[in-house]
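*Asks:*
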Amino acid sequence: MKRLLRPLIWALVLALIALGLFQAFRPQPVAVDLASVTRGPLQVTIQHEGRTRVKDRFVISSPLAGRLQRIALKPGDPVTAGETLMAVLEPTDPELLNPRALAQAEARVKAAEAAAKQAEPVVERAQSMVDLTTKELNRLEDLVPLGGAARVEYDTAVQKERAATEDLHAAEFAAKVAQFELELARAALLFSKPKAPGDADQGPRLEIRAPITGRVFRVFEESSTIVAAGTRLLEVADPANIEIEVDVLSTDAVKVHPGTPVIVEHWGGDHDLEARVRMVEPSAFTKISALGIEEQRVNVIADFTGPAEKREALGDGYRIEARLVIWHSDDVLKAPAGALFREAGQWSVFVAENGTAHLRSVQIGHRNDLEAEILDGLNAEDRVIVYPSDQIEEGTRLKGE
């Protein structure tokens, strides 16, 4: 019996030693970070810094030469169209003006009359376009739920209606400005003509009132002084009527078009704001980056679309960060971008199956900084290794998997 036990004991000892050596030299499992392949929404965006700016500024200039009385208004003061007194001028004695000054005043009246006449049909055309786009939008609103029109047609109609409304507002503003300029030019002409016997006294001063309702943005001439015709006095605008200006790389600008959604972030509030691109300027400009590299940039102009109450703290020239959504889908198969790498000229991932890593080639579609659309090679709920190290290869054992 003892003769049989001794060989068995030695065999067991040798087996344990062999097992220990095997475990000692066997590659150890590698700790990895895993993520699941899921279905869900995906956005591809272009992110750049931008700033806000008021859409329509109006610079009030002196319509004729004379002494400007001290302007009491300060930047930020509210003004009401046709009511708030902006500036008071004591015109130069008409007898001291030369014929050229009178001719210039008459020419300004004619130019202002022409501008006012041109503004009227522009407003009418803009109003007609608003009526047309609104009618088309209402028609598509009824058809989309019934499947009679595609969603993209409805979205396009919404953008056209918004653009037409903005054009109408701009045309109406231009018409108001043209009418104000005409009234101011006529008043200047009246003060420039020598008074004939029997003429009514037009008074010793010319009062300039606010052309629009808004706030004073700048005061160019605060103190009482002698001014020439055309001297800038004040700048007024409506601070609630603001837009976004974002300068993007020209290579990104070709992907942006009117109607592109914009998400406004890091503007100072506790929530994001929504906007849509109204225009991509046709001309680029050169800008030096922080690294000293010359870049071609293009200005993209966007309008806010959400309630004005959410952005009432925003003013003119405020810094914002804008994400322009150049592509989106509500339901795609997606994987973390950190799981993708190039292998033999193809996009690949490591899939964790039964505790080991397996190399798999994939075909991707759209992608952003965090996620990528998977067109082929993976299924929902597959587990992929995020940021695989050089320790990972086909068949590598994984810790905790």
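Using my numbering, the letters of the sequence shown map in sequence onto residues 1 to 401. We put the CB at the ideal spot given by N, CA and C, even for glycine.
1. Can you tell which of 54, 134 and 181 has its C-alpha closest to the C-alpha of residue 165?
2. Just tell me which of 127, 73 and 63 has its CA closest to the CA of residue 455.
3. Is residue 305 closer than 8 Å to residue 357 when the C-beta atoms are compared?
4. Excluding the 5 residues flanking residue 386 on each side, which residues of the same chain have their C-beta closer than 6 Å to its C-beta?
5. Shortest alpha-carbon distance to residue 269 belongs to which of 227, 343 and 319?
6. Report the rounded CA-to-CA distance for residue 263 versus residue 46, giving the unit in angstroms.
7. Could you pull the start and end residues of the beta strand (DSSP E) that residue 429 belongs to?
8. Please confirm whether residue 44 and residue 374 have their CB atoms less than 8 Å apart.
9. By Cβ distance below 7 Å, which residues in the same chain neighbour residue 84 in space, the five residues on each side in sequence not counted?
10. Run the CB neighbour count on residue 159, radius 10 Å, all protein chains shown included, and call it buried at 16 or more, exposed below.
11. Is the beta carbon of residue 73 sitting closer than 8 Å to the one on residue 89?
12. Using 8 Å as the Cβ pair cut-off and three pairs as the minimum, do the stretch 46-57 and the stretch 239-251 touch?
13. Quick one, which of 378, 365 and 349 has its alpha-carbon nearest residue 389's?
14. Classify residue 173: buried if its beta carbon has 16 or more other beta carbons within 10 angstroms, exposed otherwise.
15. Can you look up residue 388 in the DSSP assignment and give me helix, strand or coil?
16. Provide the residue span of the beta strand (DSSP E) that contains residue 247, from first to last.
17. Quick one, are the C-beta atoms of residue 91 and residue 206 less than 8 Å apart?
18. Distance check for residue 278 and residue 258, CA to CA, integer angstroms please.
19. Residues in the same chain with beta-carbon distance under 7 Å from residue 186, minus the five sequence neighbours each way, listed in chain order, please.
20. Hey, how far is the Cα of residue 148 from the Cα of residue 171?
21. For residue 153 versus residue 137, is the C-beta spacing smaller than 8 Å?
22. Any idea what DSSP makes of residue 323, helix, strand or coil?
23. For residue 365, verify whether its CB is less than 7 Å away from any heavy atom of the ligand GDP.
24. Pop quiz: residue 217 and residue 316 are said to be a contact at Cβ under 8 Å. What is the actual Cβ separation, rounded to whole angstroms?
25. Between residue 383 and residue 351, is the Cβ-Cβ spacing less than 8 Å?
26. Quick check: the Cα distance between residue 321 and residue 274, rounded to an integer number of angstroms?
27. Does the distance from the C-beta atom of residue 87 to that of residue 233 stay below 8 Å?
28. Label residue 260 either buried or exposed according to how many other C-beta atoms from any shown protein chain fall within 10 Å of its C-beta, with 16 as the threshold for buried.
29. Measuring alpha carbon to alpha carbon, tell me which residue in 120, 346 and 281 is nearest residue 404.
30. Between residue 286 and the rest of its own chain, which residues show a CB-CB distance below 8 Å, the 5 nearest in sequence each way excluded?
31. DSSP state of residue 255, grouped into three classes?
32. Which term fits residue 157, buried or exposed, when burial requires 16 or more other beta carbons within 10 angstroms of its beta carbon?
33. Cα separation between residue 380 and residue 276?
34. What do you get for residue 163, buried or exposed, if any count of 16 or more other CB atoms within 10 angstroms of its CB means buried?
35. Going by C-alpha distance, which of 370, 124, 214 and 168 is nearest residue 76?
36. Can you grab the Cα-Cα spacing for the pair residue 167 / residue 118, in whole Å?
*Replies:* Answer, in terms of the structure:
1. 134
2. Given a span of 1 to 401 for the chain in the structure shown, any question on residue 455 remains unanswerable.
3. no
4. 33, 35, 336, 338 and 339
5. 319
6. 10 Å
7. Because the chain here runs from 1 to 401, residue 429 falls outside it and cannot be looked at.
8. no
9. 209 and 210
10. buried
11. no
12. yes
13. 349
14. buried
15. coil
16. 242-249
17. yes
18. 5 Å
19. 109
20. 35 Å
21. no
22. strand
23. The model on display carries no ligand, and the ligand GDP is accordingly not part of it.
24. 7 Å
25. yes
26. 12 Å
27. yes
28. buried
29. Nothing in the structure corresponds to residue 404, since the chain is present only between 1 and 401.
30. 294, 295, 296 and 297
31. coil
32. buried
33. 33 Å
34. buried
35. 214
36. 15 Å
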